[in-house]
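Reading through the structure tokens given below for one structure.
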Amino acid sequence: MERWATFDCYGTLIDWNGGIRRELARVFGEDHADDKLARYHELEPELQADGTRSYREVLTEAMRGLGAPQNEEDALGIAIAEVNALGATLQAQRLGALEATALLRTVIAEIDAAIFAFDSERKLRLVNREGARLLGQPIERLLGRGAETLGLEVYLRDDAPRTLDLARDGRMARWEVRRREFRQDGLPHQLLVLTDVGHVLREEERLAWQRIVRVLSHEINNSLAPIKSIARSLQRVLKREPRAPDWEQEALHGLNVIEGRSGSLSRFLQAYARLAQLPKPMLRPVDVEGWVGRVVELEERVAVVLCPGPSTTVLADRDQLDQLLINLVRNAVDAAADTGGGVRVSWTSDETTVVVLVEDEGPGLADTANLFVPFFTTKPEGTGIGLALSRQIAEAHGGTLVLENRVDRAGASARLRLPLRQAAQA
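Residue numbers 34 to 459, in this note's numbering, belong to the letters of the sequence shown in order.
Next comes the structure, spelled out in structure tokens:
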């Protein structure tokens, strides 16, 4: 059946009368179409008078009254019902698409990231308010301009940098740059999203300073409080008349305590300086077997079991790796000493990474949340620096350090993962 109904942009049927005439011309012939249409309009009100018939029933009865064959009555009724349903579906889909588009435009306008869309010729086709604010021009003056004139062409390349420093509200801000490709009307486009990460970094910096001040205040007060108390006691001893027979012994004891607390405070500050001033790694080829074996031999309290892995070389700072592994082995031996268990060191590797595993048979980790918090320690003589420094060294080499309780038995394991790609390139 030919197309005989016409819809507007919202899916609404607008040429019903013309469609009926074309169908009548098909069934009865062009010469009789106008007469049949006039008769149809006479029959339609009578058939709809009681309001109980559907459009399909009205059309079927009208066609029968006009003398159409039975099969033609059914065909027209079915076709009109299907077209009516199709019109409703198209209208619903059209409205849904319009609502989705409106929602997307609202989100793009309100989001606090700068969004730019460029066509295949790198002309700007879409920009939100944040993007216009970043470039300092109204949206209508930006649309249609080339990426090069906007200073954004370099960020549309495959090797584009991932960060950008631009002034915002009179100050320099750091932006994270993300690029994605999409197609519109069958043509390639590029979406550029710039997110201001400066305020996030500043908030992290503020929180870091708060933690540092809190730790420093705690440690300094822990040392100064007893020093102040003992100094007052010594003042009373020296001012007492007559002095007690054992005043010299009491004074020496107080001075020894002051010396011990000041020494502890000095060691703490040295450890802090060491953590804060870790030098950049001096990368050289390091044989993993020689490195691990050398560190294991340094431990004399417990016979550490060494399980050799494949011959592997990493590009790293040997001294820093020594310090990292010494800390891990020492912690493992300290833990194993509490239970009389053993310690094992092994390593594995694949095409991209080497993994060094230090396992102990100690009591396990009680507080995993604070393992890498600087100056946090559960050891009476600990500084809380070892693990924090070890993770900092691992990350400086592009690796990771993970500590967790063992699942096969009691104890803990430290898993150091280092990349091999740099060594392969060297």
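Glycine included, each C-beta is placed from N, C-alpha and C at the ideal position.
Computed from a prediction, not measured in an experiment: that's the story for all the values here.
For residue j and residue i, believed in contact at Cβ under 8 Å, the rounded distance
i	j	result
Leu-453	Thr-385	6 Å
Gly-419	Asn-360	4 Å
Leu-451	His-430	6 Å
Leu-185	Arg-158	About 13 Å separates the two Cβ atoms, so there is no contact after all.
Gly-129	Arg-155	Actually they are not in contact, since the Cβ atoms of Gly-129 and Arg-155 sit about 33 Å apart, beyond 8 Å.
Leu-449	Val-389	4 Å
Ile-426	Leu-316	Not quite, the Cβ-Cβ distance comes to about 13 Å (not below 8 Å), so this is no contact.
Arg-212	Tyr-188	7 Å
Leu-348	Pro-318	6 Å
Leu-197	Leu-225	The Cβ separation is near 10 Å, so there is no contact.
Ile-260	Ser-295	7 Å
Ala-147	Glu-163	5 Å
Ser-153	Leu-220	5 Å
Arg-334	Ala-370	7 Å
Counted within 10 angstroms of its Cβ, other Cβ atoms place residue i as buried (16 or more) or exposed
i	result
Gly-432	buried
Ser-423	buried
Ala-277	exposed
Ala-459	Its pLDDT being 42, under 50, Ala-459 is placed unreliably by the model, and nothing is read from it.
Thr-139	exposed
Gln-268	exposed
Glu-392	buried
Ala-445	buried
Glu-106	Reliability fails at Glu-106, whose pLDDT of 46 lies under 50, so the model's placement of it is uncertain and no value is given.
Val-160	buried
Phe-151	buried
Thr-14	Nothing about residue 14 can be reported from this structure: the residues present for the chain run from 34 to 459 only.
Ala-142	exposed
Asp-350	buried
Gly-287	buried
Arg-300	exposed
Gly-395	buried
Leu-302	exposed
Ala-71	exposed
Asn-289	exposed
Ala-135	exposed
Ala-421	buried
Thr-93	buried
Val-325	buried
Gly-373	exposed
Ala-264	exposed
Ala-258	exposed
Cβ shell of residue i (< 7 Å), same chain only, five flanking positions each side left out
i	result
Leu-199	Leu-167, Ala-206, Trp-208
Thr-45	Summary for Thr-45: the model assigns pLDDT 43, below 50, so the residue's position carries little reliability, and this model does not support an answer.
Arg-195	Glu-209, Val-210
Pro-314	Ala-349, Asp-350, Gln-353, Ala-429, His-430
Ala-443	Glu-394, Pro-396, Gly-397
Arg-59	none
Ser-266	Gly-287
Asp-145	Glu-163
Cβ neighbours of residue i in the same chain (closer than 6 Å, five flanking residues each side left out)
i	result
Lys-69	Leu-57, Phe-61, Leu-99
Thr-345	Val-321, Ser-382, Val-387
Gly-293	none
Val-230	Arg-207, Glu-209
Ala-447	Leu-361, Val-391, Leu-436
Leu-462	No information on residue 462 is available, as it lies outside the stretch 34 to 459 that the chain covers here.
Asn-365	Reading the sequence as shown, one finds Ala at residue 365 and not Asn. Closer than 6 Å at Cβ, skipping near neighbours: Val-376, Val-391, Asp-393.
Leu-298	Ser-256
Boundaries of the beta strand (DSSP E) in which residue i is found, first to last residue
i	result
Ala-447	445-452
Val-389	386-393
Leu-311	Where Leu-311 is concerned, there is no enclosing beta strand (DSSP E), given that its DSSP letter is neither H nor E.
Leu-224	220-229
Arg-442	Unbroken run through Arg-442: none, as it is neither H nor E.
Arg-377	376-382
Leu-339	338-340
For residue i, the first and last residue of its enclosing alpha helix (DSSP H)
i	result
Leu-422	419-429
Leu-331	321-331
Residues of its chain near residue i, where Cβ-Cβ distance is below 8 Å and the 5 sequence neighbours each way are ignored
i	result
Ala-336	Gly-375
Leu-271	Trp-280, Ala-284
Arg-327	Asp-355
Arg-216	His-222
Continuous alpha helix (DSSP H) assignments of at least 4 residues falling wholly in the segment 144-201:
162-168, 172-175
For the segment 342-366, which segments carrying the beta strand (DSSP E) assignment without a break, of at least 3 residues, lie completely within its bounds, in sequence order?
346-349
Go through the segment 248-289 residue by residue and report every complete run of the beta strand (DSSP E) that reaches 3 residues or more, in order.
none
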